[in-house]
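In my numbering, the protein residues as written are 2 to 76.
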């Protein structure tokens, strides 16, 4: 994540959601999410017929990302 994008996320979270979050947290979260997506991308189906399977796999990845977020919060 570029430094500018991270700052924009930080400002958005503060201004629109009242959440003060460290830039380093946003960067670590972005890296963690990117790692999960990259590792799982090969298994995703991009065909029209695979849309149901793709949705199920995306849901599974969301759960994994939530676990990463919880782990980062505890660091």
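Just so it is clear, CB atoms sit at the ideal spot from N, CA and C, and this is done for glycine as well.
Measure how close the beta-carbons of residue 33 and residue 64 come, nearest whole angstrom, since I'm counting them as under 8 Å.
Between residue 64 and residue 33 the Cβ distance is about 14 Å, and since that is not below 8 Å, they are no contact.
Report the option in 11, 13, 10 and 26 whose CA atom is closest to the CA atom of residue 72.
The residue with the shortest Cα to Cα distance from residue 72 is 26.
Is residue 24 buried or exposed, if buried means 16 or more other CB atoms sit within 10 Å of its CB?
Its Cβ having fewer than 16 others within 10 Å, residue 24 is exposed.
Classification of residue 19 by the beta-carbon crowding that lies within 10 angstroms, buried from 16 upward:
Counting the other CB atoms within 10 Å of its CB gives residue 19 a total below 16, which places it among the exposed residues.
Continuous alpha helix (DSSP H) stretch holding residue 38: start and end:
24-42 is the extent of the alpha helix (DSSP H) around residue 38.
Closest by CA to residue 133, which one among 59, 17 and 31?
Here the chain has residues from 2 to 76 only, and residue 133 is not among them.
Taking residue 37 and residue 17 to be in contact with their CB atoms under 8 Å, please state how far apart those CB atoms are, rounded to whole angstroms.
Taking the Cβ atoms as the reference, residue 37 lies roughly 25 Å from residue 17, outside the contact range of under 8 Å.
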